[in-house]
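Engineer: Numbering-wise, the sequence shown is residues 1 to 251 according to UniProt numbering.
We put the beta carbon where it would ideally sit given N, CA and C, even for glycine.
Computed from a predicted model, the values in this text were never measured in an experiment.
Here it is: the structure, laid out below.
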Amino acid sequence: MTDYHETPQGRRLAYMSNTAREGIPGPGIVFLGGFKSDMHGSKAEHLAQWAQAQGRPFLRFDYSGHGASSGRFEDGAIGDWAQDAAEIIGALTRGPQLLVGSSMGGWIALLLCCRMPERIAGMVGIAAAPDFTEDSMWASFDPAQRAAIERDGRLELPSDYGEPYVITRRLIEEGRGNLVLRDPLAIPGPLRLLQGTGDREVPVSVATRLLEHADCADARLTLVRGADHRFSDPDCLSLIEAAIGEVIERT
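Pasting the structure below:
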């Protein structure tokens, strides 16, 4: 059942949550979705069912401008969505949380590790995409595309997942204030990164850069040959479950 949380910023965030079974130890689990995705994606649905069977608390939600939450996608930016995540975790969870971040959700999770480390038990990144607005989008734009963003404030890019992505000047400029791979990056608790070698959106080099950059005594990267950005076939889903279980055991 979908519920809604009103943030102090006036945003209405849709969410779904599992309650913990009494006597189950370990942190709660929070799923952080990707760019223009929602809480009903295959990974979120699968993990919600898995957590329910385990008796573990599990929270998933839509950022503002995504899914059933309020706002327009084009008006949002990384800082807004990280704020959404911090607000909903602060309001709806208790104690340490294990963050599972998919694609952009991996960037959001890293921001939360920096901003609320006392609430973070560890992190699992699935094709994590830190700093993608700068290192993937802006870096790949040709002069005409950069000029269009500066002139029009927006640019439409084709997407393999449906409607074109609208990239706004605000998304790019605001993203520069939230980069995590330029400064020290401490991860509170274990870090597990999962990455497909067939991922066309987030290359393996991003995962290896994050692994090397993160200040974390217990960090591991698992590469899956041929897996794409969705990382949602049965074998990949089993790897996500195993990574979550390993982090829980080590917290």
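Which residues bound the alpha helix (DSSP H) around residue 143?
Structural biologist: Following the DSSP letters along the chain, one finds residue 143 inside the alpha helix (DSSP H) bounded by residues 143-152.
Engineer: Mind checking whether residue 12 and residue 103 have CB atoms under 9 Å apart?
Structural biologist: no
Engineer: Exposed or buried, residue 239, counting other C-beta atoms within 10 Å across all chains shown (16 or more means buried)?
Structural biologist: Buried.
Engineer: Give me, in chain order, the residues of the same chain whose beta-carbon lies closer than 8 Å to that of residue 74; leave out the 5 immediate sequence neighbours on both sides.
Structural biologist: 65, 154, 166, 168
Engineer: So if DSSP puts residue 5 in a beta bridge, which residue, or which two residues, is it bridged to?
Structural biologist: 13
Engineer: Could you give the distance in angstroms between the alpha-carbon of residue 118 and the alpha-carbon of residue 90?
Structural biologist: 11 Å
Engineer: Taking the CB atoms as reference points, tell me whether residue 78 and residue 171 lie closer together than 9 Å.
Structural biologist: yes
Engineer: Unbroken beta strand (DSSP E) runs of length 3 or more, entirely within the stretch 182-230: which are they?
Structural biologist: Runs found: 191-196, 219-224.
Engineer: Could you check where the alpha helix (DSSP H) with residue 44 kicks off and where it finishes?
Structural biologist: 42-54
Engineer: Whole angstroms are fine: how far does the CA of residue 148 sit from the CA of residue 189?
Structural biologist: 42 Å
Engineer: Does the Cβ of residue 217 have 16 or more other Cβ atoms within 10 Å, making it buried, or fewer, making it exposed?
Structural biologist: exposed
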